[in-house]
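What follows is a short report on a single structure.
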Amino acid sequence: MTLLTVNENGLYCKQGDFYIDPWRPVKLALITHGHSDHMRWGMGHYICHEHTVPLLKLRLGEEQSAQGVSYGEEFEINGVTLSFHPAGHIIGSAQIRLVYQGEVWVFTGDYKLENDGLSEPFELVSCDHFISECTFGLPIYHFPKTLEVYADINSWWAANAEEGFNTILYGYSLGKAQNILTHLDTSLGEVFLHGAVANVNEALSEVGYQFPGMRLGSDTNFSNMKGAVIVAPPSASGTPWLRKFKPYREGMCSGWMQLRGSRRRRSMDRGFVLSDHCDWQQLNKAVIATGAKHIYLTHGYESNFARWINEQYGLHATVLNTLYRPDMEGEDS
Amino acid sequence: MTFVELFERLDSTTKTSAKVNAIVEYLQYADEKEKLLGIAVLMGYKPKRPVKTSDLRLWAADRLAIPLWLLEESYYVVGDLAETLSLIVDQRQASRPFNIQNILEDLIEMQDNTFDQRKEKIEAYWSTFSSTALFLFNKLLTGNFRVGVSKKLVIKALGQHLHMEAAVVEHRLMGKWDPFAETMESLFHQALLAEKYFMPYPFFLAYPVDSDFFKTAAIDDWLIEPKLDGIRGQIIVRKNEVFVWSRGEDLMTDKFVEFQQLHTLLPDGTVLDGEILPWKNGSPLEFQLMQTRIGRKKLSKRNLEEVPLVMVCYDVLEWQSQDIRSWPLAERRALLADTLARYPVGNILLLSENLEFPNWESAESFRQTARQYGAEGLMLKRKDSIYEVGRKRGSWWKWKTDPMTVDGVLIYAQAGHGRRANLFTDYTFAVWDGEQLVPFAKAYSGLTDKEILEVDRWVKRNTKEKFGPVRSVKPELVFELAFEGIGLSTRHKSGVALRFPRIVRWRKDKLAAEANHKQDLLTLIESFK
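Read top to bottom, the protein sequences are chains G and L. Per the numbering used here, residue 1 is the first one in the first sequence, and the count goes up by one each step. Per the numbering used here, residue 1001 is the first one in the second sequence, and the count goes up by one each step.
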């Protein structure tokens, strides 16, 4: 039988009568991770990874009814056995495994195989039915090694500082920002945080995470700021908020920076190819390694990737039409 | 600085000054030969493409063991073939320095190679270049090296580097020159200049007139001519030869056979400036006809009879081998009139009309109806002006008639290239023909970045069908298009083609049913007959 289907509210498990990452208000929602296209407001009760709980309270309100589970912990809803497994996307991100009558389903949420050095690395979960995102599901997406990118970011910061410029790094305030902060060489200068980033950091401190950087506010002394790094969400680019940091250079951290057109359109000084999603090779690797016979593809270049999987591997691949946004990376809410 | 580093610096800024600085720095440190080739490439020099792009696509797809359709889908997303190829074949192993001379020589040599040899050479490059170097190689290979650097900008940088006026540099780099046959020395050495007798002068170009102009300008100080819609050109008669240059700095003598006998009719050492256009029975023909004629590889006798060309001359730049660009316009004009009257050039060289108006108001009323006289406005030139270099404000102005406009319905959208890759920015518009919508124009520009994003999202949500990179959309959005000319054509289904169509505004206040009809366009064409 088909354990998971898509209806007008989201990805639905009829047997258990619950949804995963629904986009309309429902009674019971299992949440893969804290990005706003997956974790939406208005659900009766939320179940998510324990590190996602503080993010849920930050973004959706303290009053929400939320239950945290740990990776690998099994629980049951009406005969469906459930467990959360690391997705390697951001802190607290999970693939959700469902078992019913011996058949195993996995929904990846967003994920990557590359270890970012911060979020719990992706765990391969064997299954019969694999529902995968494919944000970067074209062969043009071949991401460089993460550590090499961070080395580039640090040397760019050092060069900017030497010329008396501040360095503004844009990355999604949940996920990318913490990754950047973890890898910055703080011996190079001071680190400042946009409010949206500082809020996420504070929420994560409740579950034991510590990040460098000072929140920018009315007490910040801007006149002395020189050669510093400012970590901000992409939505801050092009706003008057930046004036205080002059002179500065701007760098965008996103998988979309792989394309020259995207780099130039944003008129950034630098584009760093840094993604929390799988690139083409990682997607292919994951799909094969799960051993699944049935593949379902959502958000991204899903129809192209489905055709490829069908033709190349002879696997049964179909497209699931969801409302998750493949353009989230580089955007912010 | 290597050429790769230069490109990266140029590509990461939108500021002109930063680009000029980067080029100047490159010129300081680069090897003499590579420097000239680098400049040539930035200015648009490209060897003939040694292989078909369809072969490149196949080879690249084979390397990654992906089917061709997947490469095509990727190309739609990237919007640039060279970049798509690079992303597909990049093995992240760079083991060869980027030597622009070797690359260009190889590409030229490949033209004489067998198919297998070409493939082998190109694949060897693909295996040993990575990232930017690989992208640049593919750009040179596919022959479309546009990287956000204008010719003007390169000239400015060269001027700074050589301590020469930009105008002098420009003069010496006009036309087509072979970077392998030249050196920095041969191009920029004083003594050699005299031998370049086929060279045109840099064109003097006018800006659109400011409204402030009319507050102070006395009409008697100005020579007023109808602004004709043709190809701006220079006719050069030197050393018993004729050269016809277009403003795009293309040597077009072969296309314009009418002028080839002029060395027997005019004295040696004469250079004329004017507008080349199709002309019959005392008045201009549709511009479209000339474009068709220029496009032909071979001209038949019939083509020449149907679309004869003339130059309507408005200036003389050289007379008896003397550069007279510093003479006042009134004197050059008198010499021009005298020359055209004295020598038997009557059916191919015409004198630009000198329009007399008592005041600016009567000039304005002519301008508004200029199309009825086969003109697209007026040219205003100070009678005492010298012939300057490039586009300058002050002594020459163009005063164009207002564009015509039409409301069209968006029916197809296609993703753009370069900066606009992955965004639907190229639109096809239609007008009503009874119950049907028939396409009549494509337009790319005119919307703000914000509007482009809005239309892009709308297109993605309202797609009816996909044909490769093109999407047909629900016929709902109405745009006002402006254009400079209109004529009959087989290019579009409507049977009508516009000249310089561009979007003026998004008519959110209009429904598709309120867009214009084909008959409106036909009526417009009729009115100019």
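All C-beta atoms, glycine included, are put in the ideal place defined by N, C-alpha and C. Just so it is clear, the structure is predicted and the values come from calculations on it, not from any experiment.
8 angstroms Cβ cutoff, residue 45 of chain G in contact with chain L:
No, no contact with chain L.
Does the Cβ of residue 1491 of chain L have 16 or more other Cβ atoms within 10 Å, making it buried, or fewer, making it exposed?
Within a 10 Å sphere around the beta-carbon of residue 1491 of chain L sit fewer than 16 other beta-carbons, which makes this residue exposed.
Span of the alpha helix (DSSP H) around residue 54 of chain G:
Note, residue 54 of chain G: alpha helix (DSSP H), 53 to 60.
Contact list for the stretch 1477 to 1510 of chain L against chain G, Cβ threshold 8 angstroms
Within the stretch 1477 to 1510 of chain L, no residue has a Cβ that lies closer than 8 angstroms to any Cβ of chain G.
With a cut-off of 8 angstroms, does the C-beta of residue 1087 of chain L fall near any C-beta of chain G?
Look at residue 1087 of chain L: its C-beta is under 8 angstroms from a C-beta on chain G.
Given that residue 1468 of chain L touches chain G, what residues does it touch there, using C-beta distances under 8 angstroms?
None at all; the shortest Cβ gap to chain G is about 13 angstroms.
If you drop the 5 nearest sequence neighbours on each side, which residues of the same chain put their C-beta closer than 6 angstroms to that of residue 333 of chain G?
For residue 333 of chain G, the pLDDT reaches just 30, beneath the cut-off of 50, and the residue's location in the model is therefore unreliable, leaving the point undetermined.
Can you pull out the residues from the stretch 268 to 295 of chain G whose beta carbon lies closer than 7 angstroms to at least one beta carbon of chain L?
Result list: 269, 270.
Beta-carbon separation of residue 286 of chain G and residue 297 of chain G under 8 angstroms?
In this structure, residue 286 of chain G lies away from residue 297 of chain G, with their beta-carbon atoms at least 8 angstroms apart.
Is the beta carbon of residue 1382 of chain L sitting closer than 8 angstroms to the one on residue 1329 of chain L?
A Cβ-Cβ contact shorter than 8 angstroms links residue 1382 of chain L with residue 1329 of chain L.
Report the rounded CA-to-CA distance for residue 1277 of chain L versus residue 156 of chain G, giving the unit in angstroms.
Spanning the two alpha carbons is a distance of roughly 55 angstroms.
Residues near residue 359 of chain G in its chain [Cβ-Cβ closer than 7 angstroms; skip 5 each side]:
Nothing in the structure corresponds to residue 359 of chain G, since chain G is present only between 1 and 333.
Here's a check: name, in chain order, each residue in its chain whose Cβ is nearer than 7 angstroms to the Cβ of residue 1438 of chain L, leaving out the five neighbours to either side.
For residue 1438 of chain L, same chain residues with a beta-carbon under 7 angstroms away, outside a window of 5 residues either side, are 1430, 1431, 1493, 1494, 1518 in chain order.
Helix or strand or just coil, what does DSSP make of residue 1398 of chain L?
In this structure, residue 1398 of chain L counts as strand in the three-state DSSP scheme.
With a threshold of 16 other CB atoms inside 10 Å of the CB of residue 214 of chain G, please say whether the residue is buried or exposed.
The residue in question, residue 214 of chain G, is exposed, as its Cβ has fewer than 16 Cβ neighbours within 10 Å.
Could you work out which residues of chain L lie near residue 308 of chain G, taking near to mean beta carbons separated by less than 7 angstroms?
The contacting residues are 1070.
For residue 275 of chain G and residue 331 of chain G, the rounded distance between their alpha carbons:
Residue placement at residue 331 of chain G is flagged as unreliable, the pLDDT there being 42, under the threshold of 50; a coordinate-derived value is accordingly withheld.
Residue 1272 of chain L: which of L:1255, L:1254, L:1246 sits nearest, CA to CA?
Cα-wise, what sits closest to residue 1272 of chain L is L:1246.
Buried or exposed: residue 234 of chain G, going by 16 or more other Cβ atoms within 10 Å of its Cβ?
Classification of residue 234 of chain G: buried, given that the 10 Å Cβ count is 16 or more.
Residues in the same chain with beta-carbon distance under 7 angstroms from residue 1197 of chain L, minus the five sequence neighbours each way, listed in chain order, please.
In the same chain as residue 1197 of chain L, and ignoring 5 residues on each side of it, the C-beta atoms closer than 7 angstroms to its own belong to 1238, 1239, in chain order.
With 8 angstroms set as the bound, which would you pick, yes or no: does the beta-carbon of residue 332 of chain G sit closer than that to a beta-carbon of chain L?
Per-residue confidence for residue 332 of chain G stands at a pLDDT of 36, beneath the threshold of 50, marking its modelled position as unreliable; the derived number appears in the next sentence. By this cut-off, residue 332 of chain G is not an interface position.
If the cut-off is 8 angstroms on Cβ atoms, which residues from the stretch 1372 to 1397 of chain L count as contacting chain G, listed in chain order?
Taking a C-beta cut-off of 8 angstroms against chain G, none of the residues of the stretch 1372 to 1397 of chain L qualify.
If we cut at 8 angstroms on Cβ distances, does residue 1064 of chain L have a partner in chain G?
Cβ-Cβ to chain G under 8 angstroms: yes for residue 1064 of chain L.
Rounded to whole angstroms, what is the Cα-Cα separation between residue 5 of chain G and residue 1145 of chain L?
Computed Cα separation, rounded: 49 angstroms.
Give the range of the alpha helix (DSSP H) segment to which residue 1007 of chain L is assigned.
That run of the alpha helix (DSSP H) goes 1003 to 1011.
Where are the beta strand (DSSP E) runs, 3 residues long or more, that stay fully inside the stretch 1449 to 1506 of chain L, in chain order?
Runs found: 1463 to 1467, 1470 to 1473, 1478 to 1483, 1485 to 1488, 1496 to 1499, 1502 to 1506.
Are residue 1287 of chain L and residue 1230 of chain L touching if we call contact CB-CB under 8 angstroms?
Contact flag set, yes.
How would you call residue 65 of chain G, buried or exposed, if buried means at least 16 neighbouring beta carbons within 10 angstroms?
Within a 10 Å sphere around the beta-carbon of residue 65 of chain G sit fewer than 16 other beta-carbons, which makes this residue exposed.
Hey, could you find the ends of the alpha helix (DSSP H) residue 1153 of chain L is sitting in?
Boundaries of the alpha helix (DSSP H) around residue 1153 of chain L: 1151 to 1162.
Along chain G, in chain order, which residues have C-beta atoms closer than 9 angstroms to that of residue 1014 of chain L?
The contacting residues are 264, 267.
Determine whether the Cβ of residue 1425 of chain L lies closer than 8 angstroms to any Cβ atom of chain G.
No, residue 1425 of chain L lies away from the interface with chain G (no Cβ there is under 8 angstroms from its Cβ).
Residues bridged to residue 20 of chain G [DSSP beta-bridge criterion]
For residue 20 of chain G, which the question treats as bridged, DSSP gives the partners G:11, G:30.
Cβ distance (whole Å) where residue 1002 of chain L is taken to contact residue 1098 of chain L below 8 angstroms:
Residue 1002 of chain L to residue 1098 of chain L, Cβ: 6 angstroms. Contact.
Contact with chain G by residue 1422 of chain L, beta-carbon distance below 8 angstroms
Yes, its Cβ sits closer than 8 angstroms to a Cβ of chain G.
CB contact below 8 angstroms: residue 243 of chain G versus chain L
No, because no Cβ of chain L sits closer than 8 angstroms to the Cβ of residue 243 of chain G.
Can you name the start and end residues of the beta strand (DSSP E) that residue 1382 of chain L belongs to?
Judged by DSSP secondary structure, residue 1382 of chain L falls within the beta strand (DSSP E) whose first and last residues are 1377 to 1382.
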